[in-house]
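In the UniProt record's numbering, the protein residues as written are 1 to 177.
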Amino acid sequence: MAEEIQTRKVIRRRKRLWVEYFQVIVVTLIITYGILHFVQISRVYGTSMIPTYHEGNIVLVDKVFYKHSEPKRNDIIVVDYKDTNLNETFIIKRVIGISGDHIEIKDNELYLNGELLEEDYINSAMTNTEDMVVDVPKGKVFVMGDNRNNSLDSRKLGYFDFEEDVIGKVFFTVPFF
């Protein structure tokens, strides 16, 4: 009789243990799904965002932020850019202009809506940039890298559609990478 009671206790403990394992697995799957659905992990390649981001930095991108709002000036975003061979590439850039903005680059200086743009995040001034005047259409963003002299951005690629091309907003830099 005592042996039977002991066996039942062992069986109950094992069942509880399996239930706990199952719960941990389910919670882990839910968290993983949430992270993969709402957050993208991206690595910075190249030098176009120096000094803000450096080659090899890892950033977390909020993929749902712009489902409820539009990009704002100075947001750092990840854009899905398809090159001439239709290869998909993710690029990280700073939003300079949003729908309705008037952007002018004159004598290597950047003007936003007629005002010289003060950019304390830039290490060196633009050089050899062609003068240009653009008005950002509705639903589009004009982006540039912080390292203006070494950045493939809207000056060459044009506008990006924030609903189709913008993956999300960078919200965190993983330290020590």
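Backbone N, C-alpha and C define an ideal beta-carbon position, used for all residues, glycine too.
Using C-beta distances below 8 Å, list every residue in its chain close to F65, excluding the 5 sequence neighbours before and after it, in chain order. Position 65 of the sequence shown holds residue 65. Excluding sequence neighbours, F65 sits near G168, K169, F171.
Which word fits G97, buried or exposed, when buried means at least 16 other C-beta atoms lie within 10 angstroms of its C-beta? For the purposes of this step, residue 97 is taken as residue 97 along the sequence shown, with counting starting at 1. Per the 10 Å Cβ criterion, buried.
Tell me, please, which residues DSSP counts as bridged to H102. For the purposes of this step, residue 102 is taken as residue 102 along the sequence shown, with counting starting at 1. For H102, which the question treats as bridged, DSSP gives the partners D135.
Given a cut-off of 7 Å on the beta-carbon distance, is the pair F142 and V133 in contact? In the sequence shown, the residue the question calls residue 142 occupies position 142. In the sequence shown, the residue the question calls residue 133 occupies position 133. In this structure, V133 does not lie closer than 7 Å to F142 by Cβ.
Restricting to runs no shorter than 4 residues, where is the alpha helix (DSSP H) found entirely within the UniProt domain "Peptidase S26" (19-173)? 65-68, 154-157
Quick one: Cα of M49 to Cα of L157, how far? Working through the sequence shown from its first residue, we reach residue 49 at position 49. Working through the sequence shown from its first residue, we reach residue 157 at position 157. Near 16 Å, if we compare the C-alpha coordinates of L157 and M49.
Proximity of D153 and V79 at Cβ, strictly below 7 Å: Here the question's residue 153 lines up with position 153 in the sequence shown. Here the question's residue 79 lines up with position 79 in the sequence shown. Not in contact: D153 and V79 (Cβ atoms no closer than 7 Å).
Cβ of I76 within 7 Å of Cβ of V44? For the purposes of this step, residue 76 is taken as the residue at position 76 of the sequence shown. For the purposes of this step, residue 44 is taken as the residue at position 44 of the sequence shown. Against a cut-off of 7 Å, the Cβ pair of V44 and I76 comes out as no contact.
What is the rounded straight-line gap between the Cα of T127 and the Cα of N149? For the purposes of this step, residue 127 is identified with residue 127 of the sequence shown, where counting begins at 1. For the purposes of this step, residue 149 is identified with residue 149 of the sequence shown, where counting begins at 1. When rounded, the distance between both Cα atoms is 6 Å.
Taking all protein chains shown into account, do 16 or more other C-beta atoms lie within 10 angstroms of the C-beta of I9, making it buried, or fewer, making it exposed? Residue 9 sits at position 9 when you count from the first residue of the sequence shown. Looking at the sequence provided, one finds Lys at residue 9 rather than Ile. Exposed, because fewer than 16 other Cβ atoms sit within 10 Å of the Cβ of K9.
Alpha-carbon to alpha-carbon, H68 and I103: What you label residue 103 is simply residue 103 of the sequence shown in a count that begins at 1. What you label residue 68 is simply residue 68 of the sequence shown in a count that begins at 1. Each residue's alpha carbon lies about 26 Å from the other.
Distance, Cα to Cα, E119 vs G46? Here residue 119 corresponds to residue number 119 of the sequence shown, with the count starting at 1. Here residue 46 corresponds to residue number 46 of the sequence shown, with the count starting at 1. Each residue's alpha carbon lies about 21 Å from the other.
Are D107 and K140 touching if we call contact CB-CB under 7 Å? The residue you call residue 107 lines up with position 107 of the sequence shown. The residue you call residue 140 lines up with position 140 of the sequence shown. No, they are not a contact pair.
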